[in-house]
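For the sequence shown, the positions run 4 to 348 when our numbering is used. See below for the structure under consideration.
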Amino acid sequence: MTCFIPLCCISSRIGQWIHNTSPTIPAIYSLVTLTFCPESPKYLLVNKRDDDAAEAALIWLRKTSDVSEEMEAMKKEREDLRNSPKFSVLDLTRTSELRWPLIICIVLQMSQQFSGINAVVYYSTSIFISAGLSKETSQYATVATGVVKVMMTFISALIMDRAGRRTLHMIGLVGMCISSVVLVVCLSLQKTLPWLSYISIVAVIIYTCLFATGPGPIPWFMVTEMFAQGPRSAAVSVSVVINWLCNFAVGLVFPILQKSLETFSFLPFSVMLLLFFIFTYMFVPETKGKSISEITQLFKSPTMDRSGSRNSYKSSKNRYSTQVLIIDPPLSEKGTEYYVESSYL
Numbered sequence: 004m005t006c007f008i009p010l011c012c013i014s015s016r017i018g019q020w021i022h023n024t025s026p027t028i029p030a031i032y033s034l035v036t037l038t039f040c041p042e043s044p045k046y047l048l049v050n051k052r053d054d055d056a057a058e059a060a061l062i063w064l065r066k067t068s069d070v071s072e073e074m075e076a077m078k079k080e081r082e083d084l085r086n087s088p089k090f091s092v093l094d095l096t097r098t099s100e101l102r103w104p105l106i107i108c109i110v111l112q113m114s115q116q117f118s119g120i121n122a123v124v125y126y127s128t129s130i131f132i133s134a135g136l137s138k139e140t141s142q143y144a145t146v147a148t149g150v151v152k153v154m155m156t157f158i159s160a161l162i163m164d165r166a167g168r169r170t171l172h173m174i175g176l177v178g179m180c181i182s183s184v185v186l187v188v189c190l191s192l193q194k195t196l197p198w199l200s201y202i203s204i205v206a207v208i209i210y211t212c213l214f215a216t217g218p219g220p221i222p223w224f225m226v227t228e229m230f231a232q233g234p235r236s237a238a239v240s241v242s243v244v245i246n247w248l249c250n251f252a253v254g255l256v257f258p259i260l261q262k263s264l265e266t267f268s269f270l271p272f273s274v275m276l277l278l279f280f281i282f283t284y285m286f287v288p289e290t291k292g293k294s295i296s297e298i299t300q301l302f303k304s305p306t307m308d309r310s311g312s313r314n315s316y317k318s319s320k321n322r323y324s325t326q327v328l329i330i331d332p333p334l335s336e337k338g339t340e341y342y343v344e345s346s347y348l
């Protein structure tokens, strides 16, 4: 919505007061529409302890009445939360079961901001001007980029449960890496080949689309899905702090990069995008279709593959156990009963 209003302001058909008050429109829209949004099933079950309302909300959300399995999983989480202590930020670093998910969430937040997206948002007009466009045309291109970003965010929400969080994030990272390299090449050669300025605009739009489908929303989904109700609030707090610190760092450093590297100012982001892709491929699990207990189980075994690939459970699937009841002394009614468990691969 805020993308169309600046478009009118650019064309000088609407006064400056519209430009200044336009940010209030999405705020009012959110305020009105949120009144019609139901509470989340987990909030109703865990915080309000209203099982019926939680089940009704879950049926509305899933569009099916078969939610008994998910309800049982949430009830188990509620009981675990009741028996577990409150978590602070420091508590997240004391056990590997929480420390490794925290590291993943921190890196994912870094991948969102160090992807360079805010450099595009903050300086997109100047990027388009350096690509050879006029000032007015650059402003139109900036608005078009914002419109595309909003549209792709909705598309991402529709395909996320089918494609998977990890997959979308990796596609976004590698696609943005390629787009940023193309942008650098176009900016470097535009004086020799003026038509490359239009390719650079396409590269920026593709770059923005890939961000909106992957690195934009995925880190926020992952931080809520990798932690149980108890430590979740502390993990989200850490993620928010890291996200805004990285945001601040990009806004502070990118003008320096532009001045020193000029047309190569996006190369550092390209390198970081590649590194974040490698990290995601190696360490970030897929959370699609998994309950919180299944996700946390991934981090309990130090030998378990956390990549989220189809071999993630190879350690557990190939392990079998046998329990043998032993009575000591033998043939004694008062003997001590105990079990011996053996496992093999």
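Where is the CB? At the ideal position from N, CA and C, for every residue including glycine.
Let's test the definition: count the other Cβ atoms within 10 Å of the Cβ of residue i and tell me whether it reaches 16, buried, or not, exposed.
i, result
"P197", "exposed"
"T299", "buried"
"F157", "exposed"
"K79", "exposed"
"E139", "exposed"
"S99", "exposed"
"S114", "buried"
"V262", "Just to set this straight, residue 262 is Lys in the shown sequence, not Val. Exposed, because fewer than 16 other Cβ atoms sit within 10 Å of the Cβ of K262."
"K66", "exposed"
"G178", "buried"
"S91", "exposed"
"R169", "buried"
"K45", "buried"
"T38", "exposed"
"I259", "exposed"
"K303", "exposed"
"V35", "exposed"
"L29", "The residue asked about is misnamed: residue 29 is Pro in this sequence, not Leu. That one is exposed."
"E58", "buried"
"S301", "For clarity, residue 301 is Leu in the given sequence; the question names Ser instead. L301 should be labelled buried."
"I130", "buried"
"L111", "buried"
"G292", "exposed"
Alpha carbon to alpha carbon, how far is residue i from residue j?
i, j, result
"E289", "Q193", "41 Å"
"S68", "P222", "30 Å"
"A352", "M154", "Lying outside 4 to 348, the shown extent of the chain, residue 352 is not represented and no answer is given."
"Y143", "S137", "10 Å"
"R52", "S43", "12 Å"
"V150", "I208", "10 Å"
"F230", "G217", "20 Å"
"V256", "V188", "21 Å"
"T27", "S33", "10 Å"
"A166", "E72", "23 Å"
"S127", "L186", "12 Å"
"S286", "T24", "Sequence check: residue 286 is Phe here, not Ser. Spanning the two alpha carbons is a distance of roughly 44 Å."
"E82", "D54", "13 Å"
"N50", "F214", "34 Å"
"C108", "V226", "6 Å"
"L84", "Q232", "7 Å"
"I181", "K89", "44 Å"
"L64", "L176", "30 Å"
"S294", "A237", "20 Å"
"P41", "A60", "7 Å"
"V243", "R97", "20 Å"
"F269", "I106", "26 Å"
"P271", "F224", "26 Å"
"V123", "H172", "19 Å"
"L93", "I204", "45 Å"
"T266", "A206", "14 Å"
"C212", "G254", "21 Å"
"S183", "A252", "19 Å"
"N86", "L48", "16 Å"
"E279", "V239", "Before going on, a small fix: residue 279 reads as Phe here, not Glu. Roughly 20 Å between the two C-alpha positions."
"L95", "R235", "10 Å"
"R102", "L190", "42 Å"
"I370", "E75", "Residue 370 lies beyond the range of the chain shown here (4 to 348); nothing can be said about it."
"Y125", "A56", "44 Å"
"S296", "D164", "18 Å"
> Would the stretch 197-210 and the stretch 234-248 be scored as touching if the rule is three or more Cβ pairs under 8 Å?
Replying inline: Proximity of the stretch 197-210 to the stretch 234-248 falls short of the contact definition, fewer than three beta-carbon pairs being nearer than 8 Å.
>> For a minimum of 4 consecutive residues, which ranges assigned as the alpha helix (DSSP H) are wholly contained in the stretch 180-239?
In response: Fully enclosed alpha helix (DSSP H) runs of 4 or longer: 199-216, 221-228.
> Do the stretch 269-289 and the stretch 118-129 meet, that is, are 3 or more Cβ pairs less than 8 Å apart?
Replying inline: The stretch 269-289 makes contact with the stretch 118-129, as at least three CB pairs between them are under 8 Å.
> What are the complete alpha helix (DSSP H) segments, minimum 4 residues, inside the stretch 64-121?
Replying inline: Complete alpha helix (DSSP H) runs here, min 4: 71-86, 99-116.
> What are the uninterrupted segments assigned as alpha helix (DSSP H) that are 4 or more residues long and contained completely in the stretch 138-175, given in chain order?
Replying inline: Segments of the alpha helix (DSSP H) lying fully in the stretch 138-175: 138-166.
>> For a minimum of 4 consecutive residues, which ranges assigned as the alpha helix (DSSP H) are wholly contained in the stretch 250-305?
In response: You should have 270-286, 295-300.
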